[in-house]
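Following: one structure in structure tokens, then a few remarks.
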Amino acid sequence: MDTTQLLKGVLDMAVLAVIVDDDGYGYDIVRRLRAAGLDEVGDASVYGTLRRLYSAGALSSYVVPSDGGPHRKYYGMNANGRVMLAEQRANWSHFADTLTRLLEQPQPTVPLLTIGDNS
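The sequence shown begins at 4 in the working numbering and counts up one residue at a time.
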């Protein structure tokens, strides 16, 4: 199953979830998502999500100087982000429960026709 479309629909929530307790910079957040099992997440998608969440008022940011390279822009969740994550968690739980019930329903058996069978 191609999970790319599923990932697009939940990336905001996933990013918020990995920084809920620990601020992070862009590539650090990408690594956390991949370590959590979202192997297909793209760097550009995460950076775009961080910018969008910041613009929406869900994140705060600050710059930390680096000894061995460029400064790093860290993102942390603010009160608006915590509310957003709580709402998304509730929506996800409802959606996942509904889909699980749907998938667990017995499916009617449909006989397969074989080539040359005219019935």
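Note that beta-carbon positions come from the ideal geometry of N, C-alpha and C, so glycine has one too.
Measure how close the beta-carbons of residue i and residue j come, nearest whole angstrom, since I'm counting them as under 8 Å.
i: G27; j: L62; result: So it is not a contact: roughly 10 Å between Cβ atoms.
Compare the C-alpha of residue i against each of the options and name the closest.
i: V44; options: D5, K76, L10, W95; result: L10
i: Y57; options: G40, L19, S96; result: L19
i: S48; options: V33, G40, P111, Q108; result: V33
What does a CB cutoff of less than 8 Å around residue i pick up in its chain, not counting 5 residues either side in sequence?
i: Y30; result: D46
i: W95; result: V13, M16
Is the distance from the Cβ of residue i to the Cβ of residue j below 9 Å?
i: L36; j: A17; result: yes
i: I22; j: M87; result: no
i: V67; j: R75; result: yes
Given residue i, which residues of its chain have a CB within under 6 Å of its CB, disregarding the five upstream and five downstream residues?
i: Y65; result: Y77
i: Y50; result: G29
Exercise for review: Taking only runs that begin and end inside the stretch 59 to 104, name each unbroken beta strand (DSSP E) of 3 or more residues, in chain order.
Suggested key: 62 to 67, 75 to 80
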